[in-house]
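So for the sequence shown, the numbering used here puts the first residue at 1; every next one is plus one. The beta-carbon is built from N, C-alpha and C at its ideal position, and this holds for glycine as well. Read through the structure below, which is laid out as structure tokens, and then see the notes.
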Amino acid sequence: MTAIGLTPTPIQKINIDYYMPSMPPLWLMESAVRLYKAWQYRRKLVGLLRYDDHILEDMGHSRAELLMAINLPLKQDPRPYLKAWKALRRQTG
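Structure (structure tokens):
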């Protein structure tokens with residue numbers, strides 16, 4: 001008994017026998033967004049290729065590095081590779 005004199009009724013689980021997908025799975029949406037952002041970044045790198053080699057050097061990139069970064073698979077982020085290549089070029093001159 002409770003303070004009011006009523007006994008609480010137990011909560012019952014409701015089993016739903018049907019499935020109504022209201023949206024695609026979250027992992028699919030996250031993958032699509034990730035691939036779209038990777039594609040957008042690749043498009044920006046392609047846009048840099050229209051600059052002269054001297055301007056690319058002033059920005060800290062070389063044409064060959066940009067081409068290698070563009071040709072990486074979409075699942076790999078090219079930014080760490082570009083940073084590593086830039087650091088390696090600074091060490092070797």
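Taking all protein chains shown into account, do 16 or more other C-beta atoms lie within 10 angstroms of the C-beta of residue i, making it buried, or fewer, making it exposed?
i, result
"L66", "buried"
"P80", "exposed"
"A69", "buried"
"W27", "exposed"
"W39", "exposed"
"P78", "buried"
Assuming residue i contacts residue j (C-beta within less than 8 Å), just tell me the rounded distance between them.
i, j, result
"R99", "L72", "Since the first residue of the chain shown is 1 and the last is 93, residue 99 is not available in this structure."
"H61", "L48", "7 Å"
The alpha helix (DSSP H) with residue i in it runs from where to where?
i, result
"S31", "L26 to L48"
In chain order, each beta strand (DSSP E) run of at least 3 residues that lies wholly inside the region 45-90: none
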